[in-house]
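Notes follow the structure.
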Amino acid sequence: MTIADFTPVSALLGGALIGVAAAGLWWLIGRLAGVSSIFGGVVIPLKGEVAWRAAFLAGLLVSGLLAVALVPSQVDFSQPAGYGQLLLAGTLVGIGTKAGGGCTSGHGVCGIGRLSPRSIVATLLFMAAAMVSVCLWKAGP
């Protein structure tokens, strides 16, 4: 991706939709929109919590399918890695989110939105690590 590929309008709209969805879940049922925790509550069912969690996850899936149907040129679901790598990567992300008390977007959207000091520090560390990684990758071997 280059700077010429950046589309600020779609990025702003997408971010606003994520914020509205997270705020809506909080205002409507008093739950955080941390996807890793929502998914975990379906994998290891929590009594009285499965229905809304399953509905939330189904909404994520349906919205992705709608995006493919409505604007197929803007959505790329190609999967160059094998399914074994995909499963391994998903498992490692799950372990990382459990160890970190949430994922990057959960801390960034929901945690910072609640002014959680832990989430603010976590998000700053995620961003710093990402910047260092990009600099090292751009520098090359």
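Residue 98 in numbering that gives the first Met the number 0 sits at position 99 of the sequence shown; the count goes up by one each step and never skips.
Every residue, glycine too, gets a C-beta built ideally from N, C-alpha and C.
Closest by CA to residue i, which one among the options?
i      : options                        : result
Lys97  : Leu65, Gly33 and Ala53         : Gly33
Arg113 : Gly18, Gly39 and Ser72         : Gly18
Phe38  : Trp25, Gly29, Ile28 and Gly58  : Gly58
Ser9   : Glu48, Ala138, Lys46 and Val70 : Val70
Phe76  : Leu87, Leu60, Thr90 and Leu91  : Leu60
Val120 : Gly101, Pro140 and Lys137      : Gly101
Under a Cβ-count criterion, where at least 16 other Cβ atoms within 10 Å of its own Cβ denotes burial, should residue i be classed as buried or exposed?
i      : result
Gly107 : buried
Gly95  : exposed
Thr6   : exposed
Ser118 : buried
Gly47  : exposed
Whose C-beta lies closer than 8 angstroms to the C-beta of residue i among residues of the same chain, with five residues either side of it excluded?
i     : result
Ala22 : Gly112
Leu24 : Arg30, Leu31, Ala32 and Phe55
Val42 : none
Ignore the nearest five residues each way along the sequence and tell me which others in residue i's own chain have a CB closer than 6 angstroms to its CB.
i     : result
Ala66 : Val74
Phe55 : Ile37
Near residue i, which residues of its chain fall below 7 angstroms by C-beta distance, leaving aside the five closest residues on each side in sequence?
i      : result
Cys109 : Ala21, Leu31, Ala32 and Gly33
Original post:
Contact between the stretch 89-105 and the stretch 29-46: three or more CB pairs below 8 angstroms?
Top reply: Flag = yes, the stretch 89-105 and the stretch 29-46 touch.
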